[in-house]
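Residues in the sequence shown are numbered from 15 upward in steps of one, following the working numbering.
Even for Gly, the Cβ is constructed at its ideal location relative to N, Cα and C.
All remarks here apply to the structure that follows.
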Amino acid sequence: MTLPAEPMLKDLNRTELLALVESETAAGELSLGAALKILRKHITGLNQAEFAQLCGISRRTLAALEADEGNPTLQTVNQVLKLFGLRLGLTRIYQNRHK
């Protein structure tokens with residue numbers, strides 16, 4: 015999964031960026047780690063150390079999250095997402111299969 019082009023992201027406001035990240039993540043086009051990195055960089059403008067401190071997690075944990083490595087707890091993921099008004103949820107994999 016690749017990140018959208020940097021110039022495109024810089025032109026989006028907070029609401030547009032959140033909507034893009036939500037839709038791309040739900041569609042499976044953007045990993046959780048890539049989504050977190052986009053949100054951190056383009057909404058907060060903070061580096062990993064600053065953002066990790068704000069979230070109450072270690073920089074190492076944040077780096078692992080952004081790299082889609084490790085096995086973070088749901089609590090840790092939601093702790094980071096909460097700063098953007100988001101939380102991890104369920105999304106259908108197969109649309110319109112069973113009604």
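CA-to-CA distance, residue j to residue i, given in whole angstroms
{"i": "L50", "j": "E80", "result": "6 angstroms"}
{"i": "L100", "j": "R73", "result": "20 angstroms"}
{"i": "I57", "j": "G47", "result": "15 angstroms"}
{"i": "L27", "j": "V35", "result": "As written in the sequence, residue 27 is Asn, which differs from the Leu given in the question. In a straight line, the C-alpha of N27 is about 12 angstroms away from that of V35."}
{"i": "E64", "j": "L88", "result": "21 angstroms"}
{"i": "T90", "j": "T39", "result": "18 angstroms"}
{"i": "T29", "j": "G42", "result": "20 angstroms"}
Exposure label - residue i; buried when at least 16 CB within 10 Å
{"i": "A66", "result": "buried"}
{"i": "I107", "result": "exposed"}
Supposed contact pair residue j and residue i - C-beta distance, whole angstroms, cut 8 angstroms
{"i": "L102", "j": "L95", "result": "6 angstroms"}
{"i": "L32", "j": "L23", "result": "L32 to L23, Cβ: 12 angstroms. No contact."}
{"i": "M97", "j": "L68", "result": "Per the sequence shown, the amino acid found at residue 97 is Leu instead of Met. Right, the Cβ-Cβ distance comes to about 7 angstroms (below 8 angstroms), so this counts as a contact."}
{"i": "Q62", "j": "A77", "result": "6 angstroms"}
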